[in-house]
Amino acid sequence: MSATAISDLFEKPAQFKNKKIKLTGWLKNKRTSANIIFLEVNDGSTLLNLQAVVKQDQPELFALAESISLASAVSVSGTVALTPKSKQPLELVVKQINVLSTARADYPLQKKEHSLEFFRNNAYLRVRARTYFAIMKVRSLLSQAIFDYFFKNDFVLVHSPILTSNDCEGAGETFELKQGKEFFNKTTYLTVSGQFGAECYAQAFKKVFTFGPTFRAEKSHTSRHLSEFWMIEPEVAFANLKDLIKLIESTVKTVIKQVMQKAKQELDFLEKQFDVKLMERLKQITSTKNFHVLEYIKALEILKTAQASGQANFEVQDFNFGLDLKTEHERFLCEQHFHNQPVFVINYPKDLKAFYMKQNADGRTVGAVDLLFPQIGEICGGSEREGNLEKLVERCQAMQIDTQTLNWYLDMRKWGYFASAGFGLGFDRLLAYICGLENIRDAIPFPRAHGSINY
């Protein structure tokens, strides 16, 4: 007899009435009384455990059930009984149990409550806890939503390289491959972005996207940063800043809406765990007609006025042109000024942004955009790309960027490169927002951060 998925049982309980079935899974909980043992089994198909009932009128089976340790892998067979007046619509009346693998008594995740910090230090086990099971299921469904959106809108997936000779962002926060020079005859890094590869392919397919891991050697210990994280990076030829803003908003709204539909059970659970207004927040994002669009210069004026009036008391209070907006500024704009709504900030000073961003006519700013979210700040950044070869070379020289490894990137401008625009959306940061998490290390299966790589 093949195993029945517990999710199927809960989805259509009436169809399984009085049917003989087999389950394979893990023992999550056990309650014992004088005459009956309740085994809670989970098979990974759903957040919910199925209650399996063992009665004392089967002494050998009762004794076996009594001896099973938590986390043991089991095969349980029996008959489905409907229980419409109980918390669950059905239960399994057990006729046979096979213990497939016994968990030792020192299993760390016993019934007692554990802190999130405990789970962060035991990442290899934490998905067995319901909280992380729910988060990682949402992560999977969010990944699916990303692919669904871009394929539905005729984007071509590009597998951008993990190893590269370029520092795409020019910030110097790269991991250098120890054997890179010896093996490749040039300095080699772990990629900080798939953008350059996406730009190449956009000049053939027009609309492309990459979705993969990226790496930053940033010695940050905040709850918002990781050294290894996943990025969604679409790139569109013949697009401008207005087109880009429209694409970002459409992407974010659509994928969140799909996750809300497909992960309702998990999000309802996480709402109780972390944020009682989680679903309300997500609905507000998806139902907002248009995200606000704010010029960088105007953002500075708003922040300066808020500080002067006593509405805010920022740590960083230098609101002159060139200020690199901090999280406290970004969150104020979303949460206070625009009443918990997303905000696009556009046209940043060119000296704050990467060399490849298209310079505006004023000579001071570039066609860049950041999407800011309540509670999290920047979640996405993008720009028009500089299509003029001379301007791009000048910008590299001004920023003292070695163009030797960028010749191929510059050469693209020689042969029909009219325009391109794209953005990078932090997948883990978006997931953290959707799940109501305060620490991004809870949003990725095996977090890597400065001073921490245990797996």
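Residue numbering for the sequence shown follows this note's numbering, starting at 4 and increasing by one per position.
The beta-carbon is built from N, C-alpha and C at its ideal position, and this holds for glycine as well.
Keep in mind it's a predicted model, so treat the numbers as computed, not measured.
Check, Outcome
"Rounded C-alpha distance that separates D157 from Q99", "51 Å"
"Any non-hydrogen atom of the ligand COA closer than 7 Å to F214 Cβ", "This structure does not include the ligand COA; it has no bound ligands of any sort."
"CA-to-CA distance, V211 to D246, given in whole angstroms", "15 Å"
"Rounded straight-line distance, which links the Cα of Q147 to that of N391", "37 Å"
"Whole runs of the alpha helix (DSSP H) within the region 344 to 419, excluding any shorter than 4 residues", "392 to 401 and 410 to 414"
"Closest by C-alpha distance to L281, when choosing among E441, F65, T49 and L85", "E441"
"Rounded C-alpha distance that separates W29 from N21", "23 Å"
"CB of R334 within 8 Å of CB of G380, strictly", "yes"
"Boundaries (first-last residue) of the beta strand (DSSP E) holding F212", "K210 to F218"
"Runs of alpha helix (DSSP H) lying entirely within the region 265 to 326, each at least 4 residues, in chain order", "267 to 276, 281 to 290 and 299 to 312"
"Unbroken beta strand (DSSP E) run spanning G81, endpoints", "A76 to L85"
"First through last residue of the beta strand (DSSP E) which encompasses I100", "L93 to S104"
"Minimum C-alpha distance to H332 - residue among V319, Q344, E393 and N323", "V319"
"Buried or exposed (CB count within 10 angstroms, at least 16 for buried), V279", "exposed"
"Contact check, G325 vs L297, beta carbons under 8 Å", "no"
"One or two residues paired with P237 in a DSSP bridge", "F212"
"Contact between the region 58 to 71 and the region 23 to 41 (3+ Cβ pairs under 8 Å)", "yes"
"Proximity to G425 [Cα-Cα], best of F122, T254 and E202", "E202"
"Delimiting residues of the alpha helix (DSSP H) encompassing Q54", "Taken as a continuous stretch (DSSP letters only), Q54 belongs to no alpha helix (DSSP H), being part of the beta strand (DSSP E) at L53 to K58."
"V3 - DSSP class collapsed to helix/strand/coil", "The structure shown does not extend to residue 3, since the chain is modelled only from 4 through 458, so no value can be given for it."
"Span separating the alpha-carbon of L244 from that of I251", "10 Å"
"Whole-Å CB distance - G200 paired with V141, under 8 Å assumed", "That pair is no contact at about 28 Å."
"Helix, strand or coil at S196 according to DSSP, with G and I counted as helix", "coil"
"Cβ pair count under 8 Å reaching 3, the region 405 to 419 against the region 95 to 111", "no"
"L145 beta carbon less than 8 Å from that of I447", "no"
"Separation of T82 from A220, as counted between CA atoms", "56 Å"
"Proximal residues to Q113 (C-beta, below 8 Å), its chain only, five neighbours per side dropped", "L73"
"Residue from I382, K15, P377 and Y359 whose Cα sits closest to the Cα of E393", "Y359"
"T7 beta carbon less than 8 Å from that of S78", "no"
"Identified DSSP bridge partners for N45", "W29"
"A205 - DSSP class collapsed to helix/strand/coil", "helix"
"Candidates S10, A76, E14 and I24: closest to N32 by CA position", "A76"
"Supposed contact pair H340 and I305 - C-beta distance, whole angstroms, cut 8 Å", "6 Å"
"Segment contact flag, the region 419 to 433 with the region 126 to 140, C-beta cutoff 8 Å, min 3 pairs", "no"
"Nearest-angstrom Cα separation, counted from P352 out to N363", "10 Å"
"Boundaries (first-last residue) of the beta strand (DSSP E) holding S423", "S423 to G429"
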